[in-house]
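To keep things clear, I will list the structure first and then write my remarks on it.
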Ligand code: ZN
């Protein structure tokens, strides 16, 4: 993180602490602005990461025309309306058309878009659209299940609510049997 950015984040955190009625100079809070600056830098690193660097030549020629799924990819994001976390699991599938991607890159792409201020719907679409753009596959399916702290700990305080969002592109949108195969596979018991 650039020095200038770090200093501003620290100064703003001290202001916030004062506004909340705290004393930023008391022992427990002395280093809090530093930690907060570091934490925010990490939680929003999706703004500065570059997609090409991240994919880093992990796209390969592949003959397979069968569905590839990686499910239960945990993500941590920030609700753009309250700047507090939402987190959950992403399930991603695609059907290749000549190109495949290293499986771990699906998790990296999820992080790239999650580590920004987001709404879950947009996060879901961005992951799907990104895979569509880099692989040009027959279709992409993304389902996200999220728990939002703005609903859990404030506002309506619903502890068990889960928000589900999906984005279906190509054959997953057009063909019900393909979509259903994906939805069935992501519900299967874990190993
Ligand atoms: Zn919110």
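Residue numbers (my numbering): 865 to 1055. Yeah, the Cβ is synthetic: ideal placement off N, Cα and C, and Gly gets one too. Because the structure is a prediction, the values reported are computed rather than measured.
For the pair residue 995 and residue 983, the CB atoms are not nearer than the 8 Å cut-off. Scanning 941, 1022 and 1008 for the CA closest to the CA of residue 978 turns up 941. Cβ-Cβ distances below 6 Å link residue 1034 to 1002 and 1003 in the same chain, with the five nearest sequence neighbours on each side left out; the list follows chain order.
Ranked by Cα distance from residue 972, the first of 961, 956, 963 and 981 is 956.
Boundaries around residue 954 are those of the beta strand (DSSP E), 949-959, since no alpha helix (DSSP H) includes it. Counting C-beta pairs with one atom in each stretch, the stretch 928-939 and the stretch 948-963 have three or more that are closer than 8 Å, which means they touch. Linking residue 873 to residue 916 through their CA atoms gives a straight-line distance of about 28 Å.
Scanning 986, 965 and 896 for the CA closest to the CA of residue 944 turns up 986. C-alpha of residue 991 to C-alpha of residue 974: approximately 6 Å in a straight line. With a threshold of 7 Å, the Cβ atom of residue 945 counts as near ligand 1, since some heavy atom of the ligand is closer than that. By the beta-carbon neighbour count (other beta carbons within 10 angstroms, threshold 16), residue 947 is exposed. In the displayed model, residue 983 falls within coil according to three-state DSSP, outside both helix and strand. DSSP places residue 1028 in the strand class (E or B) of the three-state scheme. Checking the 7 Å criterion, the Cβ of residue 955 is out of range of every heavy atom belonging to ligand 1.
If you ignore the 5 residues before and after residue 1054, its C-beta comes within less than 8 Å of the C-beta of 936, all in its own chain and listed in chain order. In the three-state reduction of the DSSP assignment, residue 900 falls in the helix class.
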